[in-house]
Amino acid sequence: MKYKTLLFDLDGTILNTNELIINSFLYTLEQFYPGKYNREMIIPHMGKPLYEQMVIFGDESHAEEMVKIYREHNLRTHDEYVLEFPHVKEVLETLKQEGAILGVVTTKMLNTTMMGLKRFGMDSLMSTIVSYEDTEFHKPAPEPVLLAMERLGANPETTLMVGDSQYDIQAAKNAGITAIGVAWSLKGPEFLKQFDPDYVIKDMRDLIPIVRGIKEDEENKTISGERK
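Take 1 as the starting number for the sequence shown in full-length UniProt numbering and just add one per residue.
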């Protein structure tokens, strides 16, 4: 096994919370700026801490109130919108059975992180969860990734981070570990490639040969994942 410690973003990576997030933003923003925002304006900022996004969409004077309304709506509609991505749980179970140590690094609050993981039976697969409350600085800063590694006793050379946004890729690179983007990101694989991830995978099953260290072919590709 080439990689022993596997860190995952939550939203848009191992759980399909895309519609939950977009719906929560639209609901909140409509209270303050009726008719001003649509989903296409929200997607580019997904992955940042919630407060930062509210400042971008509005201003600091309303940001805290907007965060409160967002979280209340998000919690209320959570189970209605959250879905599984194909093959994620089976891949996590396989890699854990083979000896990998798994963790989540997210800008989400711990309570809603646990709601999603427990809903699909993935909470027991994770050896650590670094959430918004755990660090002063958040992705793309390396601190959340470094904290997860510290908790798990991880070696940078055998650690990777999987995520759906540029902030995940940047945080991984800033922490000195392998960065993997997912092609099912709402932002699209071509967008993620601009941030120079080590791999972009098309399906979570593509992670298995990378973790196992199966040799890449002459085109510098994994079995079905795409390197850079």
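A virtual CB, placed ideally from N, CA and C, is assigned to each residue, including glycine.
{"Item": "Cβ shell of residue 31 (< 7 Å), same chain only, five flanking positions each side left out", "Value": "69"}
{"Item": "Cβ shell of residue 218 (< 6 Å), same chain only, five flanking positions each side left out", "Value": "Confidence at residue 218 is low in this model, with a pLDDT of 34, below 50, so its placement is unreliable and no value can be given for it."}
{"Item": "Rounded straight-line distance, which links the Cα of residue 135 to that of residue 51", "Value": "15 Å"}
{"Item": "Close beta carbons around residue 14, own chain, < 6 Å, minus the five adjacent residues each side", "Value": "8, 88"}
{"Item": "Residue from 22, 200, 2 with nearest C-alpha to residue 95", "Value": "2"}
{"Item": "Other residues of its chain near residue 222: CB distance less than 8 Å, five sequence neighbours each side excluded", "Value": "Residue placement at residue 222 is poorly supported in this model, since its pLDDT is 42, which falls under 50; the coordinates still yield a value, given next. Excluding positions up to five away in sequence, the list reads 199, 201, 206, 209, 210, 214, 216."}
{"Item": "Distance CB(residue 197)-CB(residue 138) smaller than 8 Å", "Value": "no"}
{"Item": "Completely contained beta strand (DSSP E) runs for the region 137–174, where each covers 3 or more residues", "Value": "159–163"}
{"Item": "Identity of the residues DSSP links to residue 83 by a beta bridge", "Value": "16"}
{"Item": "Separation of residue 142 from residue 103, as counted between CA atoms", "Value": "15 Å"}
{"Item": "Cβ-based neighbour list, residue 126, same chain, cut-off 8 Å, excluding 5 preceding and 5 following", "Value": "102, 103, 104, 117"}
{"Item": "Nearest residue (CA-CA) to residue 190, options 176, 166, 177, 45", "Value": "166"}
{"Item": "Cβ-based burial, residue 86 [other Cβ within 10 Å; buried from 16]", "Value": "exposed"}
{"Item": "Reduced DSSP secondary structure (H/G/I, E/B, other) of residue 116", "Value": "helix"}
{"Item": "Ordered list of beta strand (DSSP E) runs contained in the region 36–107, each at least 3 residues", "Value": "101–105"}
{"Item": "Status (buried if at least 16 other CB within 10 Å, exposed otherwise) for residue 79", "Value": "exposed"}
{"Item": "Residue 169 versus 192, 63, 107, residue with shortest Cα-Cα distance", "Value": "192"}
{"Item": "Inter-residue spacing [alpha-carbon to alpha-carbon] between residue 56 and residue 41", "Value": "11 Å"}
{"Item": "Cβ-Cβ separation, residue 174 to residue 140 (assumed contact under 8 Å), whole Å", "Value": "6 Å"}
{"Item": "Within 8 Å, strictly: CB atoms of residue 151 and residue 128", "Value": "yes"}
{"Item": "Alpha helix (DSSP H) segment containing residue 192, residue limits", "Value": "189–193"}
{"Item": "Helix, strand or coil at residue 224 according to DSSP, with G and I counted as helix", "Value": "Unreliable placement is indicated for residue 224, whose pLDDT of 48 sits below 50; no coordinate value is reported for it."}
{"Item": "C-alpha distance - residue 120 paired with residue 130, whole-angstrom precision", "Value": "19 Å"}
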